[in-house]
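Trainee: One structure is given below, represented as structure tokens, and several questions about it will come after.
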Amino acid sequence: MVEMLKGIAASDGVAVAKAYLLVQPDLSFNKISVDDTEAEAKRLDDALAKSTEELQQIREKAAQSLGEAEAQVFDAHLMVLSDPEMIGQIKQNVKDNKVNAESALKEVTDMYIGMFEAMDDNAYMQERAADIRDVAKRVLAHLLGVTLPNPSMINEEVVVVAHDLTPSDTAQLDRKFVKAFVTDIGGRTSHSAIMARSLEIPAIVGTKEITAKVKAGDILAVNGIIGDVIIDPTEEQKAEFQKAGADFAAQKAEWEKLKEADTVTADGKHFELAANIGTPKDLEGVHNNGAEAIGLYRTEFLYMDSPDFPTEEDQFEAYKAVLEGMGDKPVVVRTMDIGGDKELPYLTLPHEMNPFLGYRALRISLSELGDDMFRTQLRALLRASAFGNLRIMFPMVATLKEFRAAKKMYDEERQKLINEGVTVSDTIQVGIMIEIPAAAVLADKFAKEVDFFSIGTNDLIQYTMAADRMNERVSYLYQPYNPSILRLIKNVIDSAHAEGKWAGMCGEMAGDQTAVPILMGMGLDEFSMSATSVLKTRSLMKRLSTEDMKVLADKALNDCDTMEEVIELVEEAVK
């Protein structure tokens with residue numbers, strides 16, 4: 001039956017393909033007494049064999065797409081599957097207690113997991129607990145005859161349907177086969193949406209009920225430009241979506257003509273359009289979309305995609321590749337922003353009621369736990385600085401004391417390298433990400449000590465409005481054009497300019513077509529966004545005059561009381 005759902009348009013593009021459900025199956029079971037214990041042991045052996053074959057395929061695919069180091073995590077899983085002691089205990093449990101294999105598996109693996117987790121001061125043992133949990137789930141799925149979804153093994157054209165997608169899920173999506181994705185939850189600034197834009201996969205998030213409405217294999221028509229998804233569309237509706245896709249492709253071809261052009265407004269003012277990236281592999285998208293710089297290199301993916309802390313050498317090679325790849329164009333590298341929803345399996349962080357407002361980013365770097373990690377990253381960055389135009393940015397800065405502490409560590413590592421005879425660039429700029437209202441309000445003081453500001457609006461908006469951007473119930477409060485947010489941004493830009501410094505923006509608002517005219521009028525120097533938004537933004541800027549946009553920004557800041565009034569004002573001005 002044809003059904004239409006509305007969600008948040010998160011990544012432009014149109015697709016029609018069958019649904020692939022990335023949803024965890026029901027793994028519940030009952031404990032059952034059995035007489036034929038040999039048959040149960042045989043069921044267990046079959047499930048172990050299928051799990052082994054599956055993991056070997058996954059490992060092979062991971063080695064091809066992510067590299068040998070990434071694939072090694074599955075070696076640990078394969079070792080668990082062939083551990084004679086643990087497997088022997090499960091079979092003994094079946095035999096002695098005459099219970100089904102599911103029950104014996106859970107009892108023995110839970111005991112091992114509990115034992116390893118109790119060694120809370122041993123990161124290696126914590127990892128073994130996680131390995132056993134993963135493997136037990138896979139074996140249990142085979143015992144129950146259900147399929148565990150695995151995005152890396154998709155080998156036909158599909159639309160991925162999920163409650164939500166983690167950064168690691170999204171990183172496994174192969175653009176050749178994954179034509180779009182649709183989720184129950186999320187917003188335009190959720191990590192899955194940001195990654196979808198960098199991968200150029202059409203995406204709709206926040207539909208609330210897509211996983212409840214869709215079965216595997218259903219045909220879905222997805223329009224990521226307007227946020228519409230149709231389940232089992234008619235031939236006529238398929239044709240409409242395909243036409244929308246062709247129209248979008250034609251529009252993209254027009255924008256592509258601006259790839260080599262400077263970003264200059266109708267009255268001749270130049271702005272810098274930069275791209276946000278997560279890995280060196282994203283450089284292709286940066287160049288294909290004509291970005292003039294990298295305004296945000298999210299280094300946490302180096303940590304999240306690694307089975308252990310990346311070494312100084314690993315990091316140096318990654319940073320060097322990006323800097324060399326950009327030639328003399330600026331590259332702003334954000335130091336590790338771990339915490340919140342970005343966890344590392346090999347770094348045990350305390351459980352917190354509100355991790356987004358807790359122990360994360362620079363707060364970890366400046367602590368005893370993160371000191372070595374941070375210094376290693378700084379050394380790798382400083383060594384790589386000789387190969388390009390490096391700018392270093394500290395995230396989640398709330399106080400001047402924090403910035404000074406981080407800068408002191410930077411200065412110490414810099415001096416050590418120079419003393420060792422290592423070449424370090426003498427033009428590195430060191431700045432901060434403005435994402436905490438306290439720092440935005442005190443921007444005039446920070447501007448005296450930093451080289452630049454980059455405004456991280458994704459967090460700045462949620463912290464200012466006291467509204468979690470991932471929570472659908474308060475998503476109406478995620479208001480980038482609220483006059484209060486605009487005034488904070490204006491204060492940051494003016495504070496930077498008063499000290500002869502530059503101010504950029506690396507939040508999703510920088511590529512938002514409603515926000516761009518106002519930000520131009522406020523005098524923002526650099527706009528950094530998903531690479532796929534660069535040409536669209538360049539096209540918009542070429543049509544606008546900065547003098548007119550100054551008048552627009554002034555009205556938005558002083559005459560508008562609500563976000564809706566600001567939107568109306570912009571729509572009227574750029575018609």
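Here the sequence shown is numbered in the UniProt record's numbering, starting from 1 and rising by one per residue.
Backbone N, C-alpha and C define an ideal beta-carbon position, used for all residues, glycine too.
Because the structure is a prediction, the values reported are computed rather than measured.
Using 8 Å as the Cβ pair cut-off and three pairs as the minimum, do the segment 405-424 and the segment 346-357 touch?
Mentor: Contact fails: fewer than three Cβ-Cβ distances are below 8 Å.
Trainee: Looking only at C-alpha atoms, which of F387, D232, T423 and R487 sits nearest to A318?
Mentor: Checking every option, the nearest Cα to that of A318 belongs to F387.
Trainee: If we cut at 8 Å on Cβ distances, does V492 have a partner in chain C?
Mentor: In the structure shown, chain C cannot be found, because there is only a single protein chain.
Trainee: With DSSP collapsed to three states, give me the class of G431.
Mentor: Correct three-state label for G431: strand.
Trainee: Exposed or buried, Y476, counting other C-beta atoms within 10 Å across all chains shown (16 or more means buried)?
Mentor: Exposed.
Trainee: Can you list, in chain order, the residues of its chain with a C-beta nearer than 6 Å to that of K342? Leave out the 5 residues immediately preceding and following it.
Mentor: If we look at K342 and ignore the five residues flanking it on each side, its Cβ neighbours are E300.
Trainee: List in chain order: all unbroken alpha helix (DSSP H) runs of 4+ residues lying wholly within the segment 20-95.
Mentor: The segment 20-95 contains these whole alpha helix (DSSP H) runs: 37-65, 68-71 and 73-81.
Trainee: Using DSSP bridges, identify the partner residues of G339.
Mentor: Answer is K342.
Trainee: Taking buried to mean at least 16 other C-beta atoms within 10 Å of its own C-beta, is T532 buried or exposed?
Mentor: Burial call: buried.
Trainee: Tell me whether the segment 155-171 and the segment 13-21 touch, counting them as touching only if at least three CB pairs, one residue from each stretch, are closer than 8 Å.
Mentor: With the cut-off at 8 Å, the segment 155-171 and the segment 13-21 touch.
Trainee: Three-state secondary structure (DSSP) at R379?
Mentor: In the structure shown, R379 sits in a helix (DSSP, three-state: H, G or I).
Trainee: Classify K179 as helix, strand or coil using the three-state DSSP reduction.
Mentor: Strand, per DSSP.
Trainee: For the segment 472-498, which segments carrying the alpha helix (DSSP H) assignment without a break, of at least 4 residues, lie completely within its bounds, in sequence order?
Mentor: If we require 4 residues or more, the alpha helix (DSSP H) runs fully inside the segment 472-498 come out as 483-498.
Trainee: Can you name the residues that DSSP bridges to H270?
Mentor: Paired residue(s): V264.
Trainee: Can you tell me the Cα-Cα spacing of D525 and E324, whole angstroms?
Mentor: Each residue's alpha carbon lies about 24 Å from the other.
Trainee: What residue range is occupied by the uninterrupted beta strand (DSSP E) comprising R391?
Mentor: That run of the beta strand (DSSP E) goes N389 to F394.
Trainee: Taking the beta strand (DSSP E) that V158 belongs to, which residues open and close that run?
Mentor: Per DSSP, V158 belongs to the beta strand (DSSP E) from V158 to A162.
Trainee: Which value, in whole angstroms, describes the spacing of the CA atoms of E568 and T562?
Mentor: About 10 Å.
Trainee: What span of residues does the beta strand (DSSP E) with E526 cover, start to end?
Mentor: Where E526 is concerned, the enclosing beta strand (DSSP E) stretches over E526 to S530.
Trainee: With a threshold of 6 Å on Cβ separation, who are the neighbours of V73 within its own chain once the five nearest residues in sequence on each side are excluded?
Mentor: Once the five neighbours on either side are set aside, the close Cβ partners of V73 are P307.
Trainee: Which residues in the same chain as Q237 place their Cβ atom closer than 8 Å to its Cβ, once the five residues preceding and following it in sequence are excluded?
Mentor: Here the set comprises V2, A221 and I230.
Trainee: Assuming I455 and I434 make a contact with CB atoms under 8 Å, what is their CB distance in whole Å?
Mentor: Yes, I455 and I434 are in contact; Cβ-Cβ is about 5 Å, under 8 Å.
Trainee: At what residues does the alpha helix (DSSP H) containing V566 begin and finish?
Mentor: Unbroken alpha helix (DSSP H) run through V566: M563 to A573.
Trainee: For the structure I just gave you, are there three or more beta carbon pairs, one from the segment 288-297 and one from the segment 327-340, closer than 8 Å?
Mentor: The segment 288-297 vs the segment 327-340: in contact.
Trainee: Where do the N-terminal and C-terminal ends of the beta strand (DSSP E) with P233 fall, by residue?
Mentor: Run containing P233: none; DSSP gives neither H nor E here.
Trainee: For R298, report the span of its alpha helix (DSSP H) as first-last.
Mentor: Looking at the DSSP string, R298 is not in any alpha helix (DSSP H); the run it does join, the beta strand (DSSP E), is A293 to R298.
Trainee: If you compare alpha carbons, which of A136, S33 and N30 is closest to L81?
Mentor: Among A136, S33 and N30, the Cα nearest to that of L81 belongs to A136.
Trainee: Please return the same chain residues whose Cβ sits closer than 8 Å to the Cβ of I58, not counting the five positions on each side in sequence.
Mentor: These residues qualify, in order along the chain: F74, N150, S152 and M153.
Trainee: In its own chain, which residues sit with a C-beta less than 6 Å from the C-beta of T189, not counting the 5 before and 5 after it?
Mentor: Closer than 6 Å at the Cβ level, and outside the excluded window around T189, lie N458, R469 and E508.
Trainee: Could you spell out the range, first to last residue, of the alpha helix (DSSP H) harbouring L540?
Mentor: Where L540 is concerned, the enclosing alpha helix (DSSP H) stretches over V534 to R543.
Trainee: Less than 7 Å between C-beta atoms, sequence neighbours within five positions excluded: which residues of the same chain meet that for E174?
Mentor: Here residue 174 is Asp; the residue named in the question, Glu, does not match the sequence. Correct list, in chain order: I154.
Trainee: Is the beta carbon of L535 less than 8 Å from the beta carbon of E256?
Mentor: The answer is yes: Cβ separation under 8 Å.
Trainee: Look at the Cβ atom of S425, then the Cβ atom of S367, and state whether they are nearer than 8 Å.
Mentor: Going by C-beta atoms, S425 is not nearer than 8 Å to S367.
Trainee: Nearest CA to the CA of I418: which residue from N558, D164 and R383?
Mentor: It is R383.
Trainee: If we ignore side chains and look at the alpha-carbon of each, how far apart do I364 and K542 end up?
Mentor: Their Cα atoms are separated by approximately 42 Å.
Trainee: Tell me which residue opens and which closes the alpha helix (DSSP H) that D365 is part of.
Mentor: The question names Asp, yet the displayed sequence has Ser at residue 365. Run containing S365: L362 to S365, per the alpha helix (DSSP H) assignment.
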